[in-house]
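A.B. asks: Encoded as structure tokens, here's the structure I'll be asking about.
As structure tokens, then:
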């Protein structure tokens, strides 16, 4: 069954170029040209991934992103000419999984899409999996099969990237990871000094799982090196 991608891009020429390429890669592409149309299509079609431009008429890409993140953790990749660090931090802070600045190559876009869908579906429970595999650290519990996280008995909603970062730490409890290593394992791509992307995801993850994000007990900073799991 083909994976379904919701492409939200107001430039019809760019939209057609991306859609044609992804359909050639055996994806089913649903296109929306403004934020309101995107909301309607999302509710009706339940896509597996969203490619989202930020500069949209009627409803901005950021507003659309916030609405989706209130009820769903599917992968969302921002595609936008707004490529400053501020815009990247804002987009990722609202829950986007990745950011691709225009102009980009179709090879890069396709690789990012494949990697995001692969990560999002990697831990879905199959009919043959009757029990869950759970990792417990202090009051933090991560279920690899149901793709869920609980802190102090409360369910925490994470994005796909946040879940995989947390899984990386919890399955390697004694290891310190550099930002380059985190990017390599989670984004499955070469690291080009994308510190802001890592910083935003770590900050958002801490805000969700820590009692005091400014004094983290789980995701701890190892100054000059990177991060480790506090156990």
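Residue numbers (this note's numbering): 183 to 413.
Every residue gets a Cβ at the ideal spot worked out from N, C-alpha and C, and that includes glycine.
As the structure is a prediction and not an experimental result, all values here were calculated from the model.
Put residue 185 into one of helix, strand or coil per three-state DSSP.
C.D. replies: It is coil, neither helix nor strand.
A.B. asks: Which one of 276, 206, 200 has the shortest CA to CA distance from residue 214?
C.D. replies: Selected option, being the one with the closest Cα: 200.
A.B. asks: Report buried or exposed for residue 364, applying the criterion of at least 16 other Cβ atoms within 10 angstroms of its Cβ.
C.D. replies: By the neighbour-count rule (16 or more Cβ atoms within 10 Å), residue 364 is buried.
A.B. asks: What's the gap between the Cα of residue 335 and the Cα of residue 388?
C.D. replies: Approximately 17 Å, taken between the alpha carbons.
A.B. asks: Just how far apart, CA to CA, sit residue 288 and residue 403?
C.D. replies: C-alpha separation (whole angstroms): 36 Å.
A.B. asks: What does a CB cutoff of less than 8 Å around residue 148 pick up in its chain, not counting 5 residues either side in sequence?
C.D. replies: Outside the shown range of the chain (183 to 413) lies residue 148, about which nothing can therefore be said.
A.B. asks: Could you check the C-alpha separation between residue 328 and residue 318 for me, to the nearest Å?
C.D. replies: Distance between the alpha carbons of residue 328 and residue 318: 14 Å.
A.B. asks: Give every residue of the same chain whose Cβ lies closer than 8 Å to the Cβ of residue 407, excluding the five residues on either side of it in the sequence, and list them in chain order.
C.D. replies: Closer than 8 Å at the Cβ level, and outside the excluded window around residue 407, lie 358, 360.
A.B. asks: Helix, strand or coil: how does DSSP classify residue 336 here?
C.D. replies: Three-state DSSP puts residue 336 in a strand.
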